[in-house]
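Take a look at the structure set out below.
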Amino acid sequence: MITQAEKAKQFLALHKPGEPLLIPNPWDLGSARVLASLGFRALATTSSGAAMALGRTDGSLTRGEALEHARGVVGATDLPVSADLEQGFADAPADVARTIALAMDTGLAGCSIEDYSGSSIYDMGLAAERITAAADLAHMGEVPFVLTARAENHIRGNPDLADTIARLQAYQEAGADVLYAPGLTDLADIRQVLSAIDRPLNVLALPGCPPVAELAAAGVSRISVGGAFFNVAYGALANAAIELRDSGTFTYFRAPGQTALRTAFTA
886 MITQAEKAKQ FLALHKPGEP LLIPNPWDLG SARVLASLGF RALATTSSGA AMALGRTDGS
946 LTRGEALEHA RGVVGATDLP VSADLEQGFA DAPADVARTI ALAMDTGLAG CSIEDYSGSS
1006 IYDMGLAAER ITAAADLAHM GEVPFVLTAR AENHIRGNPD LADTIARLQA YQEAGADVLY
1066 APGLTDLADI RQVLSAIDRP LNVLALPGCP PVAELAAAGV SRISVGGAFF NVAYGALANA
1126 AIELRDSGTF TYFRAPGQTA LRTAFTA
């Protein structure tokens, strides 16, 4: 088994402009094992998927629940795991740092912290202070911890590219290792962001997003899927149930992926 420090170093090294790390987002231990068995090199939790798997809405997890969930995913695989820790479950910079300290104790290789409070976007000054506090803690000890800073405005009703860039630059200066602005789908916008920052950029795969090859050519370093795989999986569940209810047939047993699923749980 590799150590937590080795996982964190490996995780950061996988962020290569032009060779993006494809990082899927499991929502429970079973999905983590399936994704790990398919050859991915790192995983990241999804706050929306984890909450919905509990029958709840996105944003409803407590800090304790999110950290316990992350600990379980870490234990389900030898891959580096980064956690979606929303806004750090706190407003004050010192309290965000406390969340980072607790996250490091779970065996994670890194985490993301966003600048959305749950009701509004933080003032840029406070948002940067929060990342500074998180980065200072993340980079303090012998075990490195990869901090991803998220600018949420594009998915929170303010798709202002200039503001996105200014925020990402501020978070870079504050010490973030990776930058992330979920909601960017226009390749020209993504190129503009890349030209303005000096840290690896994560792009969230969304409808209308350029394919991996185009994002790689632009210089993107990481591509994640958020809660999309959860939605796909539960959509397949709903389709199978509708077939049983309405048609009384069982063609869902022939759905693609069954062999991979069996392999994941027998390895």
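If you use my numbering, the sequence shown closes out at 1152, no skipped numbers anywhere.
All C-beta atoms, glycine included, are put in the ideal place defined by N, C-alpha and C.
In this text, all values refer to a predicted model and were calculated from it rather than measured experimentally.
Here's a check: name, in chain order, each residue in its chain whose Cβ is nearer than 8 Å to the Cβ of residue i, leaving out the five neighbours to either side.
i     : result
E1128 : T1134, F1135, T1136 and Y1137
P1044 : N1038 and G1068
A988  : L952, A955, A968, L970, C996 and F1030
Could you give the residue range of the alpha helix (DSSP H) that holds residue i?
i     : result
Y1056 : L1046 to A1059
N1087 : Counting along the chain, N1087 falls outside any alpha helix (DSSP H), though it belongs to the beta strand (DSSP E) covering L1086 to L1089.
H954  : R948 to G960
E1099 : V1097 to A1103
G1068 : Looking at the DSSP string, G1068 is not in any alpha helix (DSSP H), and its letter there is neither H nor E.
R1139 : From DSSP, R1139 is part of no alpha helix (DSSP H); its letter is neither H nor E.
L914  : L914 to S922
For residue i, name the three-state secondary structure that DSSP assigns.
i     : result
D980  : helix
L1146 : helix
D969  : strand
A898  : helix
G1010 : helix
V1063 : strand
S1109 : strand
I998  : strand
A927  : coil
A1081 : helix
A1154 : Nothing about residue 1154 can be reported from this structure: the residues present for the chain run from 886 to 1152 only.
R941  : coil
A975  : coil
I1016 : helix
V1028 : coil
Over the uninterrupted beta strand (DSSP E) stretch that includes residue i, give me the two end residues.
i     : result
N1038 : That residue, N1038, is in no beta strand (DSSP E); it is neither H nor E in DSSP.
I908  : L906 to I908
Could you name the residues of the same chain whose beta carbon sits closer than 6 Å to that of residue i, not counting the 5 residues immediately before and after it, in chain order?
i     : result
G992  : Q889 and V959
V1105 : P905, L1086 and V1088
L1091 : T1070
List the whole-angstrom C-beta distance separating residue i from residue j, where the pair is believed to meet the contact cut-off of C-beta under 8 Å.
i     : j     : result
R1084 : L1069 : The pair is not a contact, with the Cβ atoms about 15 Å apart (cut-off 8 Å).
V1153 : A1149 : Since the first residue shown for the chain is 886 and the last is 1152, residue 1153 is missing from the structure and cannot be characterised.
S922  : A951  : Contact flag wrong, Cβ pair sits at about 24 Å.
A961  : A917  : 4 Å
Kindly list the residues whose CB is nearer than 7 Å to the CB of residue i, restricted to its own chain and excluding five residues on each side of it in sequence; keep chain order.
i     : result
I1040 : P1067 and G1068
M886  : D963
D1074 : L1046
Got a sec: is the Cβ-Cβ distance from residue i to anything in chain B below 8 Å?
i    : result
L907 : The structure shown has no chain B; it contains just one protein chain.
Is any non-hydrogen atom of the ligand NAD found closer than 7 Å to the C-beta of residue i, if you look at the structure I gave you?
i    : result
P911 : Only the bare structure without any ligand can be found here, which leaves the ligand NAD out of the picture.
Can we say the stretch 977-986 touches the stretch 895-907, given the rule of at least three CB pairs closer than 8 Å?
The stretch 977-986 is not in contact with the stretch 895-907.
Do the stretch 1021-1040 and the stretch 996-1008 make contact, defined as three or more Cβ pairs closer than 8 Å?
In short, these stretches touch, since the Cβ pair count reaches three.
Three CB pairs or more closer than 8 Å across the stretch 1044-1053 and the stretch 1066-1081:
Contact between the stretch 1044-1053 and the stretch 1066-1081 is present: three or more C-beta pairs spanning the two stretches fall below 8 Å.
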